[in-house]
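Visitor: Following this note's numbering from start to finish, the sequence shown increments by one per residue and tops out at 931. Where is the CB? At the ideal position from N, CA and C, for every residue including glycine. A quick note: this is a predicted structure, and the numbers were derived from the prediction, not measured. Okay, handing you the structure first.
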Amino acid sequence: MGRGRQKAKHTKIARELKYDTYSVNLAALERELGHSSEEEYVDKWADEHEDKLEGEKA
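Next up, the structure:
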């Protein structure tokens with residue numbers, strides 16, 4: 874394939890990705906990622922970062 878045809882093909886694909894709207898099943902995505910909205914998020918590194926911020930303020 875020549876450079877002109879290759880560029881045209883890439884441009885066509887880029888336009889399709891940019892302007893086409895795809896329907897996303899958010900419920901299936903959430904199940905796949907394994908996060909439930911009922912679970913409370915716990916940041917296991919929060920206390921470590923708070924100590925650094927308190928040290929910088931002093």
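#1: What residue range does the alpha helix (DSSP H) around tyrosine 892 cover?
#2: Could you spell out the range, first to last residue, of the alpha helix (DSSP H) harbouring glutamate 905?
#3: Taking the straight line between their C-alpha atoms, what separation do you get for arginine 888 and lysine 882?
Guide: Per the coordinate set shown:
#1: 876 to 892
#2: 899 to 906
#3: 10 Å
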